[in-house]
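A.B. asks:
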Amino acid sequence: MATPVPVRIAALPRGGRALLLPSAHGRSLGPGAEAATGVAGRRRASPAAKGKSPAKVEAGSPLGNTRKKGRAKAETQDNASVERCGAGGLEKNNLEEQVEAVCDNDAADMDWEEGQVERNEYSHELGESFTVEFNDDVPSSTTKKTVRRATAEEKELAELVHKVHLLCLIARGRVVDKTCNDPLIQASILSLLPNHLLWNVADVRNLKAVNLRNLVSWFHRTFCVTAQSTHRGSFVSNLGFAIQDRIGTAEEVCALSVALFRALNLTARFVTNLDVAGLRPDTKVMGTLNQDASRLCTRSLPHSSPAADGNVVSSPALLKDNTQDSVSMNQRRGGLGKSKQTSACKRSLSKTLSSIKADNESSCISASSQLPSTSSNAEVPKRKGDVEFELQLEMALSATAAENQNNNQANHMSQSIGSLQDSTPPKKKLRQNTEATSSSSAVWSRSAGAPLYWAEVYCSGQASTGRWVHVDVVNDLLDAECKVEASSAVCKKPLRYVVAFAGNGAKDVTRRYCLQWYRIAQGRVNPEWWENVLAPLKQMELTATNNSEDMELQTRALTEPLPTSQQAYKDHHLYALEKWLHKNQILHPKGPVLGFCKGHPVYPRSCVQTLQSRHGWLREGLQIRENELPAKVVTRPKRTFNAQSVQSSANEDALKPTLELYGEWQLEPLQLPHAVDGIVPKNERGQVDVWSEKCLPPGTVHLRLPRLFQVAKRLGIDYAPAMVGFDYRSGRCLPVFDGIVVCTEFKHAILEAYAEGEEQRRAEERKQEEAQALSRWYQLLCSIVTRQRLKDSYKTPSHGLGHEEALGNDNIQKNTLSSQRSERKPISSKLQTDHEHEHVHEYPEEDQSFDEETFVRTKRCPCGFSIQVEEL
DNA sequence: CTGATATAGCCAACTTTGGGTAAC
DNA sequence: CGTTACCCTTTGTTGGCTATATCA
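Everything in the first sequence is counted per UniProt numbering, starting at 1 for the first residue and increasing by one.
(1) On a CA-only basis, which of Lys208, Asp508, Trp580, Lys583 is nearest Gln554? Give me that one, please.
(2) Quick check on the DSSP output: the beta strand (DSSP E) that includes Gly505 runs from which residue to which?
(3) If you drop the 5 nearest sequence neighbours on each side, which residues of the same chain put their C-beta closer than 6 Å to that of Glu745?
(4) How would you call Ala535, buried or exposed, if buried means at least 16 neighbouring beta carbons within 10 angstroms?
(5) Helix, strand or coil for Arg857 per DSSP?
(6) Measure the beta-carbon distance from Ile170 to Ile243 and round it to whole angstroms, keeping in mind my assumption that it falls under 8 Å.
(7) What is the residue span of the beta strand (DSSP E) that residue 890 lies within?
(8) Which word fits Thr226, buried or exposed, when buried means at least 16 other C-beta atoms lie within 10 angstroms of its C-beta?
(9) Pick out whichever of Arg221, Lys598, Val634, Asn627 has its Cα sitting closest to the Cα of Ile586.
(10) Would you kindly work out how many angstroms separate the C-alpha atoms of Leu260 and His162, rounded to a whole number?
(11) Can you check the region 203 to 288 for any beta strand (DSSP E) of at least 3 residues that lies completely inside it and give the ranges in chain order?
(12) Mind the definition here: the region 514 to 531 touches the region 557 to 570 only if three or more C-beta pairs lie below 8 Å; say whether that holds.
(13) From this set, Ser229, Gln462, Pro494, which residue's C-alpha is nearest Asp479's C-alpha?
(14) Grab the span of the beta strand (DSSP E) containing Cys607 for me, first residue to last.
(15) In the structure shown, what three-state DSSP assignment does Glu628 receive?
(16) Can you give me the Cβ contacts of Phe501 inside the same chain, cut-off strictly under 7 Å, excluding the 5 residues immediately before and after it?
(17) Report the three-state DSSP secondary structure of Glu764 (helix, strand or coil).
(18) Can you look up residue 951 in the DSSP assignment and give me helix, strand or coil?
(19) Return the first residue and the last residue of the beta strand (DSSP E) that Val499 is part of.
(20) With DSSP run on the structure shown, which of helix, strand or coil describes Glu549?
(21) Does the beta-carbon distance from Arg619 to Ser692 come in below 8 Å?
(22) Assign Gly595 to one of three DSSP states: helix, strand, or coil.
(23) Look at the alpha carbon of Trp218 and the alpha carbon of Trp199, and state the distance between them as a whole number of angstroms.
(24) Do Arg556 and Gly523 count as a contact pair if the criterion is CB distance below 8 Å?
(25) Residue range of the beta strand (DSSP E) that Gln585 falls in?
(26) According to DSSP, Arg467 sits in a beta bridge with which residue or residues?
(27) For the alpha helix (DSSP H) holding Val201, just list the boundary residues, first then last.
(28) Check whether the Cβ atoms of Tyr662 and Leu705 lie closer than 8 Å to each other.
(29) Can you tell me whether Arg786 is buried or exposed, with buried defined as 16 or more other CB within 10 angstroms of its CB?
(30) How far does the alpha helix (DSSP H) with Thr179 in it extend, from its first residue to its last?
(31) Using a Cβ-Cβ cut-off of 7 Å (strictly less than) and excluding sequence neighbours within five positions of His220, which residues of its own chain qualify?
(32) Do you know offhand how far Arg857's Cα is from Ser783's?
(33) Is the CB-CB distance between Ile750 and Ala722 below 8 Å?
(34) Is Cys743 helix, strand or coil when you go by DSSP?
(35) Only counting the same chain, and skipping five residues up and downstream in sequence, which positions put a Cβ closer than 7 Å to that of Ser488?
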């Protein structure tokens with residue numbers, strides 16, 4: 001029944017043998033899987049093995065492929081396991097002979113795809129200890145994971161996602177900003193503010209950060225922050241409910257603070273660290289878009305439907321996870337005992353859900369219950385007595401409406417799903433969730449959540465001319481911009497794009513919060529694109545706030561402290577170490593030295609010059625000045641594209657394996673011979689090399705149109721074919737031509753003539769097509785007529801035929817340009833006998849027509865067959 | 001945990017002007 | 001016999017950059 005399949009026998013050092021299905025990536029059945037009862041293995045080429053021949057363990061060669069260290073190591077281990085499993089000391093038998101015969105047959109080019117061994121057929125010959133072993137995916141700590149790097153396509157996709165996500169987040173920021181201007185929201189939040197806090201901020205013109213202290217503390221005490229919110233239809237509605245319930249997401253609470261500041265007539269803006277999907281693809285997560293996908297998903301759809309939640313609830317794995325989440329959360333908050341923790345693991349569904357509820361509620365309670373949570377008592381331990389915690393739990397549960405609970409439940413569940421989908425380990429994720437909800441600590445540490453939303457208030461009384469002051473009501477922080485970067489880094493939400501929103505506009509203020517730009521530069525999108533996106537928004541922001549801080553941000557950008565690690569100097573935007581220069585870079589001038597890092601002098605980045613070869617500069621329309629020596633000489637790859645150069649490679653190596661590079665300071669504009677008297681200066685091949693438009697001889701133009709050279713030739717204008725590059729196919733390089741180069745003065749004449757010529761050519765083409773169509777119609781109709789005539793001649797001979805024939809011919813002849821239609825008339829009666837007719841080779845003159853415009857002669861056989869001949 | 005270093009995989013750059021055969 | 005059109009074949013190597021692993 002089983003198809004004989006080529007299999008390989010590995011001769012093992014101790015004489016043991018194992019049957020190996022040829023596979024680069026088989027699967028281990030484990031040491032215990034003995035005498036497999038029919039094994040089917042399918043190999044799928046993994047990306048790592050893509051394009052490589054399957055790693056086969058050759059007979060007598062334990063290490064099939066020792067080219068790379070890592071693989072050799074892995075295979076050594078594989079063979080050890082093979083040995084372990086296969087040391088049965090089997091006698092060579094028929095099967096093996098058969099198998100080896102197949103192997104010897106080689107097999108090297110065989111497609112080793114699928115294997116199947118049926119026990120029924122062979123087991124009696126092999127004995128019970130025969131083991132089938134697949135040499136891959138052995139679960140072992142030392143097994144090297146296949147490292148797959150992202151391809152260019154994936155990178156492009158990730159960048160696109162990043163950009164789109166950025167745009168979405170900006171749009172979101174604008175929505176929030178706009179809502180902060182809503183009069184009703186402003187009035188509502190203002191109405192909550194106690195009177196005594198009002199006059200602290202009355203003097204807007206001389207406002208200082210200190211004046212905001214009480215306001216911020218009050219706000220922090222009054223509103224508690226929750227991880228998830230209920231969608232109420234619009235952000236305005238959400239804020240309305242947040243005001244009513246004194247509870248909202250960090251974003252909502254922060255937005256409310258901005259609304260309050262604006263209601264108080266302060267200049268305030270909504271600031272957010274855009275939590276955007278990564279610019280680079282995440283190679284750790286295979287098969288999915290990237291790890292941010294789930295985050296994207298949860299952010300855009302934070303409220304999964306109850307039905308979806310129901311599905312999830314039915315999954316035991318998720319349940320367990322939730323249980324653990326809630327347990328450790330309880331432990332964290334309330335200090336539950338160990339026994340309680342273990343018992344909690346076995347809780348029923350309802351208890352799990354209630355504990356989740358408790359978590360949600362307790363987070364609010366803990367935030368709002370620690371009312372006087374100023375910096376003075378920030379160090380108060382979070383652990384409280386169990387009793388107190390239980391009390392709070394009770395209060396929370398009873399105080400919350402059932403409906404609300406359900407919502408929270410659902411939200412928390414969807415959040416949990418998100419956390420499971422996320423590549424972050426559950427434990428870590430849990431911590432993040434906890435952090436997001438806990439807001440009692442004013443000391444930046446891991447326990448404080450990553451700051452994603454805050455406000456900036458312009459304090460005119462601060463500094464000499466006033467400045468923007470960082471105000472974070474979520475974390476009860478005032479003027480603490482220096483702490484943002486560290487806390488973001490700790491919470492794995494590094495600063496990337498800190499954007500301030502005001503007046504429906506936006507502005508990148510990352511510089512204010514980021515002291516180590518080199519750390520984030522890699523994660524940011526192409527600055528040009530980003531600036532283009534923000535340019536119109538920046539103007540709107542400026543109009544609204546009337547405060548330009550560009551100088552301040554610029555100063556920050558230029559006065560970054562010297563990094564202490566050498567790595568940081570790699571592509572640092574301000575500083576450079578000589579060791580990190582690229583192959584085509586040089587320091588010119590080599591100085592000044594700004595400092596030292598581990599003994600290496602640090603130079604300003606502005607001293608780094610990028611060099612190019614003579615040809616490279618030529619493309620840019622520049623040439624090297626006379627008598628300039630190469631700034632740097634680097635080795636160039638050997639030319640190995642044909643046999644001749646390989647033969648003479650020894651000489652070539654000695655001669656010129658180097659590439660001479662020049663810097664910008666050694667250049668002058670390209671000086672090419674001018675076009676004189678309508679003659680295009682050409683190279684020795686009679687062409688012009690157009691590496692770029694800058695390489696054109698002065699006074700000439702490059703016209704990239706097909707068939708243009710014919711026009712130039714016809715008009716007698718001097719031209720040269722434009723060689724634009726090379727095509728390297730099948731190991732050969734072929735010049736690629738595109739259009740022609742002519743003197744500028746002939747440009748219009750040629751283009752006009754070309755347009756005319758093209759028009760004519762198209763007309764001719766059309767005419768030809770029409771003629772052909774007519775001819776085909778004629779043939780078709782003739783054959784119909786003939787057929788009909790034949791038919792009739794057998795049924796009712798010579799009856800009613802004349803009319804049809806006349807009609808058919810007439811129609812055609814009206815439309816043809818034939819000048820001799822009348823002569824073709826009586827279609828010979830010979831036709832009637834023409835079953836095996838051969839077309840007349842020498843067509844009679846009277847059966848030919850000639851079109852003087854197209855030079856097409858149409859010859860017709862009396863049977864209706866015609867042939868067209870173009871006369872030249 | 002951080003930084004230095006080694007390693008491996010992806011990818012871009014580099015190369016820089018056909019030859020044999022059949023039909024006409 | 002000279003000219004022309006068409007087909008053939010689908011590279012191959014090197015080094016830079018970068019992510020990851022490993023070690024101090």
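Where a beta carbon is used, it is the ideal one built from N, C-alpha and C, also for glycine.
C.D. replies: Put simply:
(1) For the set Lys208, Asp508, Trp580, Lys583, the Cα lying nearest the Cα of Gln554 is the one of Asp508.
(2) It spans 505 to 508 - the beta strand (DSSP E) in which Gly505 sits, taken as one unbroken run.
(3) Excluding residues within five positions, none has a Cβ falling inside 6 Å.
(4) Classified as exposed, Ala535 has fewer than 16 neighbouring CB atoms from the shown chains inside 10 Å of its CB.
(5) Arg857: strand per DSSP, three-state reduction.
(6) The Cβ separation is near 26 Å, so there is no contact.
(7) With the chain covering 1 to 872 only, the question about residue 890 has no answer from this structure.
(8) The residue in question, Thr226, is buried, as its Cβ has 16 or more Cβ neighbours within 10 Å.
(9) Out of Arg221, Lys598, Val634, Asn627, Val634 has the C-alpha closest to the C-alpha of Ile586.
(10) The alpha-carbon atoms of Leu260 and His162 are separated by roughly 33 Å.
(11) List check, beta strand (DSSP E) in window: 268 to 273.
(12) Between the region 514 to 531 and the region 557 to 570, the count of C-beta pairs closer than 8 Å reaches three or more; the two stretches touch.
(13) Closest by alpha carbon: Gln462.
(14) It is not in any beta strand (DSSP E) - Cys607 carries neither H nor E in the DSSP assignment.
(15) Three-state DSSP puts Glu628 in coil, outside helix and strand.
(16) Cβ neighbours of Phe501 beyond the five flanking positions: Gly173, Arg174, Val176, Asp177, Arg269, Phe270.
(17) Glu764: helix per DSSP, three-state reduction.
(18) There is simply no residue 951 to check, as the chain begins at 1 and stops at 872 in what is shown.
(19) Under the DSSP assignment, Val499 falls in the beta strand (DSSP E) whose first and last residues are 498 to 502.
(20) Correct three-state label for Glu549: coil.
(21) Yes, they are a contact pair.
(22) Strand.
(23) Those two C-alpha atoms are separated by around 14 Å.
(24) No, the pair does not count as a contact, with Cβ atoms beyond the cut-off.
(25) Where Gln585 is concerned, the enclosing beta strand (DSSP E) stretches over 585 to 587.
(26) For Arg467, which the question treats as bridged, DSSP gives the partners Cys459.
(27) Element bounds for Val201: n/a, residue is neither H nor E.
(28) Judged by their CB atoms, Tyr662 and Leu705 are not nearer to each other than the 8 Å cut-off.
(29) At residue 786 the sequence reads Thr, which differs from the Arg that was named. Counting Cβ neighbours within 10 Å, Thr786 comes out buried, since at least 16 surround it.
(30) Where Thr179 is concerned, the enclosing alpha helix (DSSP H) stretches over 152 to 180.
(31) The residues are Val473, Asp476.
(32) Annotation: Arg857 to Ser783 spans about 21 Å, alpha carbon to alpha carbon.
(33) No Cβ-Cβ contact shorter than 8 Å links Ile750 with Ala722.
(34) Cys743 falls in the strand class under three-state DSSP.
(35) Here the set comprises Asn273, Ala450, Pro451, Pro494, Leu495.
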